[in-house]
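Colleague: Chains as they are written, first to last, in the working numbering: chain A, 25 to 179; chain B, 2 to 205.
Here it is: the structure, laid out below.
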Amino acid sequence: MDCHTVSKLLSADLDGELSAAESAQVAAHVATCADCARKKQVLEQTWGEVLRLGLERVATGFDDGVARRIHSQRRAHAGLAAAAAVIVVGVLGVLLLREPGTESPDAAGTPTPRVAAVEPPDPGVGLDCGLPGARVCVADGAVVVLAQPHVAFTE
Amino acid sequence: MVLSADDPRAAAGERPLGGSDEELIRGCARGEDGAFAHLLDRYRARVSQFVRWYLGGRSLWAEDVAQEVFVQVHRRAASFEGRSSFRTWLYGVALNVCRGHIRRDRVGRRTIDDGDGDVLAEIPDRAPGPLQSLEQAERDALVRRAIERLPPLHRAVLHLRGWEELSYEQIADVLSVPVGTVRSRLHNARVALAKELADVPEVK
Chain A
25 MDCHTVSKLL
35 SADLDGELSA
45 AESAQVAAHV
55 ATCADCARKK
65 QVLEQTWGEV
75 LRLGLERVAT
85 GFDDGVARRI
95 HSQRRAHAGL
105 AAAAAVIVVG
115 VLGVLLLREP
125 GTESPDAAGT
135 PTPRVAAVEP
145 PDPGVGLDCG
155 LPGARVCVAD
165 GAVVVLAQPH
175 VAFTE
Chain B
2 MVLSADDPRA
12 AAGERPLGGS
22 DEELIRGCAR
32 GEDGAFAHLL
42 DRYRARVSQF
52 VRWYLGGRSL
62 WAEDVAQEVF
72 VQVHRRAASF
82 EGRSSFRTWL
92 YGVALNVCRG
102 HIRRDRVGRR
112 TIDDGDGDVL
122 AEIPDRAPGP
132 LQSLEQAERD
142 ALVRRAIERL
152 PPLHRAVLHL
162 RGWEELSYEQ
172 IADVLSVPVG
182 TVRSRLHNAR
192 VALAKELADV
202 PEVK
C-alpha cells in the first residue's frame, strides 16, 4: 500500500471497519512510514477531542415539553375524529332523511335507503358505534343505525 | 431482558433498567408510559445532540425539534418491526424530523449568525475545575466550532459513530446512503477537524 491509499483508510481503521487483512497492511505501512504514522496520530487525537466533549446538557423541562406535545397531539386527533364523525352523520342524514316512497329503485334495482320512525331506542338495544347518541343493531336482516332523535336509517 | 447485539452495553454485560431498547419500544406500542419514559431517559441527551449537530449548533429550534422526535417515536412505536436495531430506527425518525423541519421552516433563516450565539459552547458538559478549566473550555469551544462548520451530514455521521457507536452499515441504513459514503464522510469530517484543530494540512 502507498501513502495515499493508507491515508484514505486511516479513519476506517480507527473505527475497526477494515478487514483483518486491510488493517494488517495499514499497520505494516504505518510502522515504516513516519508521515502516515503522524497522520494516524493526528486523526486519533482529533477524534479523542471530539469524544471528550461529551454529551451536552438537556434543558430542564424537556420531558414536560414532550409530554405536552403528545397530549396536545392526542387532543387534536380526537378533535379531528369527532369532526369526521359529525361530517359522516351529516352526510348520512342528507342522503337518508328523505320522505319514504319518494325514491325509486335505481336502474340496477337497488333499493334506496328508507327512513322509518321508531320508538326511542332501548339503551340496551344495539351496539355503541362510536358516534355520539347513535347505536347500531340488526333488524329484519338490515343494519340499522339508531340515531337521535330516534329515527332509524336502514340500508 | 435482552440487549440488542450491537448495544455497547451488551458487550459490557450490563442489563439496562427497564429492559432493552427493543423491549421498551414494544412496550411503548402497547401504551406503557413507563416504557416510553425509560426510552426518553436513555436517549434524550443523545437525540438532542444529534438534532443540534444536524441543524447546526446555532439553531434556535433544536430543542423543539428534539422534542418532536420523541413525539414521533411515541406515535410511531407500533411501526417498529425489529428489522433493524432500535437505535437505527430512532435516528431514522430523528433524521426525518430534522429534514422536515428544515424543509418547512427553513432553519437557515432562523439562525443567529452574528458569531456570538455559540449555543454549543454555552452548554458545557462538565463543571470544569478552576485551573485547567479555562484552557480546556477554550479548547472545547474550538472543537465545537470546528464541528459546527462541517456540513450537516458530516456532523450526523460523527454523532452516530461517536456517541451511538453504530457500525458503518447501520449509519448507512439511517442515512439511506451506501456504506462507502459513510466511510468517506467520516474520513472527510475527521480530516477537516484535524486540519482546523491540529493545523495539519497534509492530512488528506
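C-beta atoms are modelled at their ideal positions from N, C-alpha and C, and glycine is treated no differently.
Quick one: which residues of the region 88-116 of chain A get their C-beta closer than 7 Å to a C-beta of chain B? List them in chain order.
Modeller: Answer in chain order: Gly89, Val90, Arg93, Ile94, Gln97.
Colleague: Glu1/B and Phe87/B look like a contact to me (Cβ under 8 Å); what is the Cβ gap, rounded to whole Å?
Modeller: Outside the modelled stretch of chain B, which goes from 2 to 205, sits residue 1/B, for which no answer is possible.
Colleague: Can you tell which of Gln73/B, Gly20/B, Val52/B, Glu139/B has the C-alpha that lies nearest to the C-alpha of Arg164/B?
Modeller: The question names Arg, yet the displayed sequence has Trp at residue 164/B. Here the closest residue by C-alpha is Val52/B.
Colleague: With a threshold of 8 Å on Cβ separation, who are the neighbours of Leu56/B within its own chain once the five nearest residues in sequence on each side are excluded?
Modeller: Excluding residues within five positions, the ones whose Cβ falls inside 8 Å are Trp62, Ala63, Val66, Cys99, His102, Ile103, Val108, Pro153.
Colleague: Comparing the C-beta of Glu68/A with each C-beta of chain B, is any distance below 7 Å?
Modeller: No, no contact with chain B.
Colleague: Which first and last residues belong to the alpha helix (DSSP H) in which Thr29/A is found?
Modeller: Thr29/A -> alpha helix (DSSP H) spans 27-38.
Colleague: Which residues in chain A have a C-beta closer than 7 Å to the C-beta of Glu24/B? List them in chain order.
Modeller: Neighbours of Glu24/B on chain A: none; closest Cβ ~20 Å, over 7 Å.
Colleague: For chain A, check one thing: does any of its Cβ atoms lie closer than 7 Å to the Cβ of Tyr169/B?
Modeller: Interface residue, yes.
Colleague: When the Cα atoms are used, what is the spatial distance from Tyr1/B to Val183/B?
Modeller: Any answer about residue 1/B is impossible in this case: the structure gives chain B only from 2 up to 205.
Colleague: Consider the Cβ of Gln73/B: report whether some Cβ of chain A lies at a distance smaller than 7 Å.
Modeller: By this cut-off, Gln73/B is not an interface position.
Colleague: Mind the definition here: the region 33-52 of chain A touches the region 78-94 of chain A only if three or more C-beta pairs lie below 8 Å; say whether that holds.
Modeller: No, they do not touch.
Colleague: Can you tell which of Phe71/B, Val180/B, Ile172/B, Ser168/B has its C-alpha closest to the C-alpha of Gly40/A?
Modeller: Cα-wise, what sits closest to Gly40/A is Ser168/B.
Colleague: Taking a contact to mean a Cβ-Cβ separation below 7 Å, would you say Val90/A touches Gln50/B in this structure?
Modeller: Contact flag unset, no.
Colleague: In this structure, how does DSSP classify Thr112/B when only helix, strand and coil are distinguished?
Modeller: Residue confidence is low: Thr112/B scores 46 on pLDDT, short of 50, so the model does not pin down where it sits. No coordinate-derived value is stated.
Colleague: Of the residues that make up the region 180-203 of chain B, which ones have a beta carbon closer than 8 Å to any beta carbon in chain A?
Modeller: For the region 180-203 of chain B, which is checked against every Cβ of chain A, the residues closer than 8 Å are Arg184, Leu187, His188, Arg191, Val192, Leu194, Ala195, Leu198, Ala199, Val201, Glu203.
Colleague: Could you work out which residue in Gly28/B, Val94/B, Arg146/B is closest to Val70/B when comparing CA atoms only?
Modeller: Checked all of Gly28/B, Val94/B, Arg146/B; the closest Cα to Val70/B is Val94/B.
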